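Position in the sequence shown (from 1) plus 8 gives the number in the working numbering.
Each remark here refers to the structure printed beneath this line.
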Amino acid sequence: MGWRRVASPPKGRPVNERHLEFCASPEWAEIIEREVLPWAVGERDLGDDVLEVGAGPGLTTDVLRRRVARLTAVEIDKDLADALRARLAGTNVDVVEGDATRLPLESDRFSAATTFNMLHHVPSPDLQDRVLAELCRVLRPGGVLVGTDGVASDTLDEFHVGDVYVPCDPAGMPARLRAAGFVDIQVDRADLSDARLGWARSRFRFIAAAP
Ligand SMILES: C[S@@+](CC[C@H](N)C(=O)[O-])C[C@H]1O[C@@H](n2cnc3c(N)ncnc32)[C@H](O)[C@@H]1O
9 MGWRRVASPP KGRPVNERHL EFCASPEWAE IIEREVLPWA VGERDLGDDV
59 LEVGAGPGLT TDVLRRRVAR LTAVEIDKDL ADALRARLAG TNVDVVEGDA
109 TRLPLESDRF SAATTFNMLH HVPSPDLQDR VLAELCRVLR PGGVLVGTDG
159 VASDTLDEFH VGDVYVPCDP AGMPARLRAA GFVDIQVDRA DLSDARLGWA
209 RSRFRFIAAA P
């Protein structure tokens, strides 16, 4: 597709190369900044100590970190985590190489937990549910969860050939979030037709609170 990179992820991780190129491209940076994060986060106050899991090349991290005092970005892929740590050294971001199904982080710590476009890369619904439970565990009582992910489609399926790709059905998310321990759950969906990218995109957002 010829995506230009704005960050430089090294090679050899579970996300396929074309996908990774896209997740580091200026096109994606613009979509994240103008559409995805405003839609997901809006004007919501995320508090003083925020977590992001599945940071990847860090384009979501770049936008998120401008609006919070302190951000911890967790990424399972060592090369991506190392590259992001080097790129964001000296900023308000602490990059942790770790697995969101068993976060190496203390309970009841964060004012907000976020995850963008990551859940479908977790290899089974059970493991995805573990991620949700872990996010609930590390949030303070009343802490907020904000997440987005793509809705399955032929285009998205094709884009993920060679990836770990287990898309979530937004209709099932409220029950899954409740089972993970969350309250005040909101899940909704947006269908966008993107002329720049030449494909229709459907995504959902999920917002909830730790009890
Ligand atoms: C599609 S990228 C999204 C990156 C970024 N959030 C964005 O929206 O541009 C998903 C990232 O989640 C990471 N990931 C997958 N499973 C993970 C897990 N269990 N724990 C932490 N990160 C994970 C992948 O390595 C990948 O970098």
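Ideal Cβ positions, reconstructed from N, Cα and C, are used throughout, including at glycine.
Note that the coordinates shown come from a computational prediction; the quantities given were computed from them, not determined experimentally.
Mind checking who residue i pairs with in its DSSP beta bridge?
i	result
E105	E83
F214	G155, V195
Give me the Cβ distance between residue i and residue j, rounded to the nearest whole Å; I'm assuming they're in contact under 8 Å.
i	j	result
L28	G66	Their Cβ separation, rounded to whole angstroms, is 12 Å, which puts L28 and G66 out of contact at 8 Å.
H129	V172	5 Å
E60	L79	6 Å
R148	D116	5 Å
Could you please give the first and the last residue of the uninterrupted beta strand (DSSP E) stretch that includes residue i?
i	result
V61	58–61
D157	147–158
F118	118–124
For residue i, report the span of its alpha helix (DSSP H) as first-last.
i	result
V169	Element bounds for V169: n/a, residue is neither H nor E.
P34	34–39
D70	67–73
H27	25–31
C111	Going by the sequence as given, residue 111 is Leu instead of Cys. Premise fails: L111 is in no alpha helix (DSSP H) and is neither H nor E.
A220	No answer is possible for residue 220: it lies beyond the span of the chain, which begins at 9 and ends at 219.
R186	181–187
Looking only at its own chain, which residues have a Cβ that is under 6 Å from the Cβ of residue i, when we skip the five neighbours before and after it?
i	result
P219	V191
T8	The first residue shown for the chain is 9 and the last is 219, placing residue 8 beyond what the model contains.
G158	L164, R211
R93	V103
A113	Residue 113 is actually Leu in this sequence, not Ala. V146, listed in sequence order.
L127	Q136, D157, C176
L143	A121, L153
E83	A63, A89
M181	V195, F214
Grab me the residues of residue i's own chain with a C-beta within less than 8 Å of its C-beta, minus the 5 sequence neighbours each way, in chain order.
i	result
R75	V49, L54
N100	R73, V76, A77, R78, L79
L45	T68, V71, L72, F124
G151	G55, F118, S119, A120, A121, A217, A218
For residue i, collect the residues of the same chain with a Cβ closer than 7 Å to its Cβ; drop the 5 residues on either side in sequence, then sort them by chain order.
i	result
A140	Sequence check: residue 140 is Leu here, not Ala. Same-chain partners within the cutoff: R184, L185, A188.
S132	V174
P18	Its pLDDT being 38, under 50, P18 is placed unreliably in this model, and the coordinates cannot settle the point.
W36	F30, L67
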